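Just below is one structure, and these are the notes that go with it.
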Amino acid sequence: MSDILLFTQALARDAGKLIVDERANAALTHEYKNGDELVTNADIKADQFICAAIAQQFPDHQILSEESSPDLGAVQEITSPLWIIDPIDGTVNYAHGHNHSAISIAYVDGAQTKVGVVYNPFSEELFYAESGKGAFLNHKAISVSSETDLRRSLIATGFPYDKSTLAPMIPRLHAVLANCADIRRIGSAALDICFLAMGRLEGYYESLSIWDFAAARLIALEAGADCGHFSELPPGIDPQFYDRDILIANPAIYPLLRALLQEADNASGID
Ligand code: IPD
Ligand code: CA
Ligand code: CA
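Each residue of the sequence shown is one higher than the one before, counting from 53 in this note's numbering.
Below, the structure is given as structure tokens:
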């Protein structure tokens, strides 16, 4: 394991302990970013903790983190190694006392994601991958499911905080419910993608922010998933970091689910 991976794993575990302790021992306070997006004092504290540890260890590296430096421009202009952080993915679960939330940390170098770590401190599940070296859950190799039948496939998705963008999601939901085994909205995109990576789900689609998926996408890729999009990408965009209409699935299900979602969009007049 590389030093970067070991550092990232230790950091995710320490931040995980912080968010568990924070919920157990302190009264959580919360506010709403941009009107509807829940953020707690633990999100802020974990963000500061992770960023400070990286800045101390790697003072020359860039940081893109949801709560303290959500500047997406950094991804287009990477001049040095970059860390992409979601201090708590699954904040709504966290604030409501559910145990399905994770710390997500990705490390990008040479414009490629090299390391991804997603840690759920409540279940003590540590998902990680290094580029070209496979994907692991608690040090055991993981791979995607071998299901080939869309009708037997379990699909996950999620919905944005901004309710004005819900309309296109309803025909997609209808198509998935009618043609797949069932659907899950578990509340943490990073964990959804890691669940897919280890075969607990066959497919996943959603529009996200980069910190939600940067680490988990590498884990899914290394576990054998196909990672792409169900709509056409704008020209010149690096698909690795493009956050709209993400589609991740096992290789047999990927083209079937892509066609299903595209048909739903075409039928409802979405380009
Ligand atoms: C959210 C979760 C959720 C997804 C939302 C994300 P947050 O992240 O990943 O599953 O549906 O789009 O914003 O706010 O808990 O970090
Ligand atoms: Ca998130
Ligand atoms: Ca978050």
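Where is the CB? At the ideal position from N, CA and C, for every residue including glycine.
Since the model is a prediction, treat every value here as computed from it, not as a measurement.
With 16 or more other CB atoms across the displayed protein chains lying within 10 angstroms of its CB, Lys166 is buried.
Proximity to ligand 2 was defined by a C-beta distance below 5 Å to any of its heavy atoms, and the residues meeting it, in sequence along the chain, are Asp138, Asp141 and Asp264. Secondary structure remark: continuous alpha helix (DSSP H) runs of at least 4 residues inside the segment 216-289, in chain order: 221-231, 241-249 and 262-274.
Residues Ala241, Asp295 and Ile298 of the same chain have their beta carbon placed closer than 7 Å to that of Leu260, with the five preceding and five following residues left out of the count. Comparing alpha carbon positions, the residue from Asp264, Leu225, Pro212 and Ala208 closest to Gly251 is Ala208. Not one heavy atom of ligand 3 sits closer than 7 Å to the Cβ of Glu74.
Taking 8 Å as the upper bound for CB-CB distance, Ile155 and Ile245 are not in contact here, some 14 Å apart.
Closest option to Ala319, judged by alpha-carbon separation, among Ala249, Ala227 and Tyr213: Ala227. The shortest CA-to-CA distance from Phe282 to any of Pro291, Arg204 and Ala158 is the one to Pro291. Using a Cβ distance threshold of 8 Å, Gly168 and Ala158 count as a contacting pair. Beta-bridge partners assigned by DSSP to Tyr84: Leu90.
The beta carbons of Phe211 and Leu218 sit closer together than 8 Å. Around the beta carbon of Pro139, 16 or more other beta carbons lie within 10 angstroms, which makes this residue buried. Using a C-beta cut-off of 8 Å, the segment 194-201 makes contact with the segment 265-278, since at least three inter-stretch Cβ pairs fall below that distance. A direct Cα-to-Cα measurement between Ile322 and Ala311 gives close to 14 Å. Judged by DSSP in its simplified three-state form, Thr143 adopts helix. The beta carbon of Tyr84 sits closer than 8 Å to the beta carbons of Leu90 and Val91 from its chain, once the five residues preceding and following it are set aside; these are given in chain order. Per DSSP, Leu178 is one residue of the beta strand (DSSP E) stretching across Glu177 to Glu182. With 16 or more other Cβ atoms inside 10 Å of its own Cβ, Ala94 counts as buried. Between Thr81 and Pro303, the alpha-carbon positions lie close to 42 Å from each other. When the Cα atoms are used, Pro220 and Gly239 turn out to be separated by approximately 19 Å. Membership of Thr209 in any alpha helix (DSSP H) is not indicated; the residue belongs instead to the beta strand (DSSP E) covering Leu206 to Thr209.
Each of Arg237, Ala64, Ile305 and Ala78 was checked against the Cα of Thr200, and the nearest Cα belongs to Ile305. Rounded to the nearest whole angstrom, the C-alpha separation of Leu313 and Arg224 is 6 Å. Here the alpha carbons of His150 and Ala79 stand approximately 16 Å from one another.
DSSP lists Leu189 as the bridge partner or partners of Lys192.
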